[in-house]
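Novice: Top to bottom, those sequences are chains A and B.
Start counting the first sequence at 97; every next residue gets the next number (this note's numbering).
Start counting the second sequence at 97; every next residue gets the next number (this note's numbering).
Heads up, the beta-carbon is just placed ideally off N, CA and C, and yes, glycines get one too.
Protein chains: 2
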Amino acid sequence: MRLGAVETGGTKVVCLVGSGPDHIVAQTAIPTGEPVETLAQVLVFFQQEVASGGPLAAIGIASFGPLELRRSHPRYGFITTSPKPGWSYVDLVGPIRNTLGVPVGFDTDVNAAALSEGRWGSARGLDTFLYLTAGTGIGAGAVINGEVIHGLGHPEMGHVSVPHQPGDDFAGTCPFHGDCLEGMASGAAIAARWGCSAEQLDGEALLAATRLEAAYLAAGLRNIVYITAPQRVVIGGGVTGLPDLFPLLRASLTQTLAGYPNLVEHTAEEFIVPAELGPLAGPAGALILAHRTCARSPGCL
Amino acid sequence: MRLGAVETGGTKVVCLVGSGPDHIVAQTAIPTGEPVETLAQVLVFFQQEVASGGPLAAIGIASFGPLELRRSHPRYGFITTSPKPGWSYVDLVGPIRNTLGVPVGFDTDVNAAALSEGRWGSARGLDTFLYLTAGTGIGAGAVINGEVIHGLGHPEMGHVSVPHQPGDDFAGTCPFHGDCLEGMASGAAIAARWGCSAEQLDGEALLAATRLEAAYLAAGLRNIVYITAPQRVVIGGGVTGLPDLFPLLRASLTQTLAGYPNLVEHTAEEFIVPAELGPLAGPAGALILAHRTCARSPGCL
């Protein structure tokens with residue numbers, strides 16, 4: 097099946113045509129500028145692909161949030177109160193559906209990436225698991241009994257509270273909460289704390305930064321693990337490049353769980369694992385969204 | 097349909113026969129003593145009910161945890177590492193299924209109560225919501241897309257971390273974590289902090305205790321709300337008897353969410369509501385477990 101995928105990100109919008117991470121027939125990245133111009137370039141990409149390669153059955157959009165996902169809401173398909181300048185109350189689904197005339201699926205970037213790691217990546221075969229990405233920001237998507245969570249909106253897991261590590265008085269960088277998980281452990285937080293990006297750290301500072309990162313990610317994961325009981329935690333994003341982050345993270349999580357509920361699986365190496373799909377997780381997840389919306393649309397499949 | 101229900105609790109085991117909270121034909125409460133004697137009394141109750149009123153289609157068990165819920169596990173149907181003396185590694189499902197010869201459903205008390213509030217109580221008509229009970233301990237069950245969460249075990253939401261309120265150096269009462277949500281806000285924590293039970297407090301102490309309780313419950317709910325995006329939060333348990341707890345809790349949650357993700361629904365009175373079913377929530381939920389296991393068992397329905 098020939099599907100389209102859009103992943104909107106803070107710096108670029110990835111568009112592709114295909115049916116899975118191993119079946120991509122066209123791909124482009126558009127810099128994230130003003131919404132109108134950026135979306136116009138997205139439309140041009142797909143119009144050219146349709147003209148040259150034939151029609152698409154459906155398109156999926158995986159976007160940074162917050163998003164309005166309630167189908168009955170007048171702003172369904174919109175980004176809502178985004179901290180990204182100019183991108184609050186931007187309609188993503190409408191222009192794409194109306195201009196290209198195909199069913200459009202829509203979800204958060206992390207929900208899409210979770211679905212994608214579940215189908216093709218590190219969570220294959222599981223039905224209840226977590227995907228967390230720690231890059232400039234922190235977000236996570238949970239798959240519960242095979243489905244992502246859509247309740248009153250969608251999860252915002254980067255904003256859970258985490259206790260400060262002993263002696264750490266860093267105020268955090270979250271514009272809403274200061275020292276939530278994102279405020280303490282995102283790439284932006286590392287940069288604010290150390291005065292340089294994670295990639296530029298070395299020596300003692302790199303060791304100290306990695307230990308702190310592991311401790312704060314573990315503190316956030318403790319809350320997510322106690323609330324969603326995942327079979328596995330898959331972690332992606334730039335901070336996973338910190339050396340030895342994973343063993344430190346496993347040790348920190350074991351410590352903060354403090355022997356409760358005493359599941360040996362929580363301490364196993366296969367409980368916390370790196371993501372497999374890298375930057376393709378989001379766009380490939382958008383292909384799943386496209387496929388699902390097609391399956392729900394009469395005459396599409 | 098004639099179903100059986102068992103809710104095991106810290107002080108008593110409630111057993112009933114019926115099909116819903118308004119259709120209970122027999123009920124008893126057995127003091128929670130040693131496991132063997134207690135379970136023997138449960139079996140006698142159901143054997144007498146079968147002899148006098150006819151066979152049961154299935155029985156549901158809603159239990160304090162932690163529980164082994166993985167059907168493929170050799171200890172499926174057991175309580176696992178319970179802090180309750182004598183009740184670790186007790187098989188609940190086996191004796192009841194083998195002695196009474198009916199299909200047996202099994203889940204945590206809070207998962208069962210969540211299902212029950214969803215069918216007959218304060219969460220009717222919703223598919224993604226939370227039930228939290230704050231009594232001697234704190235536990236919560238989430239319904240996500242109509243189903244409770246079963247991953248690697250089940251949620252243990254009472255053990256999420258909560259930041260201390262300014263100036264509060266109370267160490268908490270959780271034997272594992274000290275100052276987790278349960279350690280700071282359970283009935284046991286209130287008793288340890290104030291030297292008397294919540295019901296015995298009055299005057300300034302009652303006001304102060306209620307404000308603290310609202311603040312800590314809100315801190316825990318913030319994490320649960322960011323992780324599960326519930327359409328509603330239903331709260332039961334003894335501490336809901338604290339005067340004006342609900343308005344204070346709504347105000348504290350609004351404060352800790354800090355305007356993110358700016359959903360007006362989070363501040364509405366119908367977002368955080370009292371449970372409707374009271375002590376019947378768990379046993380009535382066990383009837384739902386019984387019905388569901390019957391629906392999965394050939395020849396039962």
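Between the Cα of glycine 332 of chain A and those of A/Thr229, A/Gly214, A/Val132, A/Leu188, spot the shortest distance and give me the residue it belongs to.
Specialist: Comparing Cα positions, the closest option is A/Thr229.
Novice: Check whether the segment 372–391 of chain B and the segment 196–204 of chain B are in contact - that is, three or more C-beta pairs closer than 8 Å.
Specialist: Counting Cβ pairs under 8 Å, three or more are found: they touch.
Novice: With DSSP as the reference, identify every bridge partner of glycine 247 of chain A, one or two as the case may be.
Specialist: In DSSP, glycine 247 of chain A forms a bridge with A/Gly249.
Novice: Which bits of chain B does phenylalanine 272 of chain A rub up against, with CB to CB less than 7 Å?
Specialist: Ordered by position in chain B, the residues that pass the 7 Å Cβ test against phenylalanine 272 of chain A are Ala354, Gly355, Tyr356.
Novice: Report back the beta-carbon spacing between glycine 190 of chain A and glutamate 130 of chain A to the nearest angstrom; my notes put them in contact at under 8 Å.
Specialist: Not a contact, Cβ separation roughly 17 Å.
Novice: Comparing the C-beta of glycine 249 of chain A with each C-beta of chain B, is any distance below 7 Å?
Specialist: Closer than 7 Å: yes.
Novice: Going by C-alpha to C-alpha distance, which of A/Leu338, A/Val132, A/Val113 sits closest to serine 148 of chain A?
Specialist: The shortest Cα separation from serine 148 of chain A among A/Leu338, A/Val132, A/Val113 belongs to A/Val113.
Novice: Following a CB-centred definition, is leucine 359 of chain B positioned closer than 6 Å to any heavy atom of the ligand FAD?
Specialist: This structure lacks the ligand FAD; in fact it carries no ligand of any kind.
Novice: Would a C-beta distance cut-off of 7 Å place aspartate 205 of chain A and alanine 281 of chain A closer than the cut-off?
Specialist: It is not a contact, given that the beta carbons lie outside the stated cut-off.
Novice: I need the DSSP call for phenylalanine 272 of chain B, collapsed to helix, strand or coil.
Specialist: If DSSP states are grouped into helix, strand and coil, phenylalanine 272 of chain B belongs with coil.
Novice: Would you verify that the beta carbon of proline 259 of chain B is, or is not, closer than 7 Å to some beta carbon of chain A?
Specialist: Yes, proline 259 of chain B counts as interfacial toward chain A.
Novice: Which residues in the same chain have their Cβ closer than 6 Å to the Cβ of valine 239 of chain A, if we skip the five residues on either side of it in sequence?
Specialist: Only Ala210, Gly214, Phe225 meet the Cβ criterion.
Novice: Taking CB distances under 7 Å as the criterion, tell me whether asparagine 207 of chain A reaches chain B.
Specialist: For asparagine 207 of chain A, the answer is no, since every Cβ of chain B falls outside 7 Å of its Cβ.
Novice: Just to confirm the assignment: which complete alpha helix (DSSP H) runs, minimum length 4, are found wholly within the segment 278–334 of chain B?
Specialist: DSSP runs (the alpha helix (DSSP H)) wholly in the segment 278–334 of chain B: 283–290, 299–324.
Novice: Residues of chain A with a CB under 7 Å from the CB of glutamate 361 of chain B: which are they?
Specialist: Within chain A, the residues near glutamate 361 of chain B are Leu248.
Novice: Which value, in whole angstroms, describes the spacing of the CA atoms of glycine 337 of chain B and proline 394 of chain A?
Specialist: Using only the alpha carbons, I get a separation of about 52 Å.
Novice: My guess is that alanine 354 of chain B and phenylalanine 272 of chain A are in contact by the Cβ rule of under 8 Å, so how many angstroms apart are they, rounded?
Specialist: That belief holds up - the Cβ atoms of alanine 354 of chain B and phenylalanine 272 of chain A are roughly 5 Å apart, short of 8 Å.
Novice: Using the beta-carbon of each residue, which ones in chain A are nearer than 8 Å to glutamate 278 of chain B?
Specialist: Those within 8 Å of glutamate 278 of chain B in chain A number zero; the least Cβ separation is about 10 Å.
Novice: Is the number of C-beta pairs between the segment 247–260 of chain A and the segment 313–325 of chain A that are closer than 8 Å three or more?
Specialist: Yes, they touch.
Novice: Please look up how many angstroms separate the CB atoms of methionine 253 of chain B and tyrosine 322 of chain A, rounded, as I've assumed it's under 8 Å.
Specialist: Correct: roughly 6 Å between the Cβ atoms.
Novice: Who are the neighbours of methionine 253 of chain B on chain A, taking C-beta pairs under 8 Å?
Specialist: The contacting residues are Tyr322, Ile323.
Novice: Alpha carbon to alpha carbon, how far is alanine 122 of chain B from glutamate 145 of chain B? Give it in angstroms, no decimals.
Specialist: One C-alpha to the other measures close to 8 Å.
Novice: By the 10 Å Cβ neighbour count, where 16 or more other Cβ atoms means buried, how is asparagine 194 of chain A classified, buried or exposed?
Specialist: The residue in question, asparagine 194 of chain A, is exposed, as its Cβ has fewer than 16 Cβ neighbours within 10 Å.
Novice: In chain order, what residues of the same chain have a beta carbon less than 7 Å from the beta carbon of arginine 166 of chain B, not counting five sequence neighbours either side?
Specialist: Around arginine 166 of chain B: Tyr172.
Novice: Name the one or two DSSP bridge partners that alanine 230 of chain A has.
Specialist: A/Ile234, per the DSSP bridge assignment.
Novice: Within the continuous beta strand (DSSP E) that includes proline 370 of chain B, where are the two ends?
Specialist: 368–370 is the extent of the beta strand (DSSP E) around proline 370 of chain B.
Novice: For cysteine 390 of chain A, I'd like the list of residues in its chain whose CB is within less than 7 Å of its CB, leaving aside the five on either flank, ordered along the chain.
Specialist: Ala153, Ala154, Pro199, Cys396, Leu397, listed in sequence order.
Novice: Among A/Leu139, A/Trp290, A/Leu373, A/Thr177, which has the Cα closest to the Cα of arginine 220 of chain A?
Specialist: The option with the nearest alpha carbon to arginine 220 of chain A is A/Leu373.
Novice: Valine 256 of chain A CB to nearest chain B CB: under 7 Å?
Specialist: Cβ-Cβ to chain B under 7 Å: yes for valine 256 of chain A.
Novice: On a CA-only basis, which of A/Ala288, A/Gly116, A/Ala364 is nearest threonine 269 of chain A? Give me that one, please.
Specialist: Of the listed residues, the one whose Cα sits closest to threonine 269 of chain A is A/Ala288.
Novice: Check whether chain B comes within 7 Å of glutamate 243 of chain A, counting only Cβ atoms and requiring the distance to be less than that.
Specialist: With 7 Å as the cut-off, glutamate 243 of chain A counts as an interface residue toward chain B.
Novice: Report the three-state DSSP secondary structure of threonine 336 of chain B (helix, strand or coil).
Specialist: Three-state DSSP puts threonine 336 of chain B in a helix.
Novice: Which bits of chain A does proline 326 of chain B rub up against, with CB to CB less than 7 Å?
Specialist: Going along chain A in sequence order, the residues near proline 326 of chain B (Cβ under 7 Å) are Gly247, Leu248.
Novice: Determine whether the beta carbon atoms of alanine 371 of chain B and valine 329 of chain B lie at a separation below 7 Å.
Specialist: It is not a contact, given that the beta carbons lie outside the stated cut-off.
Novice: Just the chain A side, please: which residues come within less than 7 Å of asparagine 194 of chain B by C-beta, in chain order?
Specialist: By Cβ distance, chain A contributes nothing, its closest Cβ being about 26 Å from asparagine 194 of chain B, past 7 Å.
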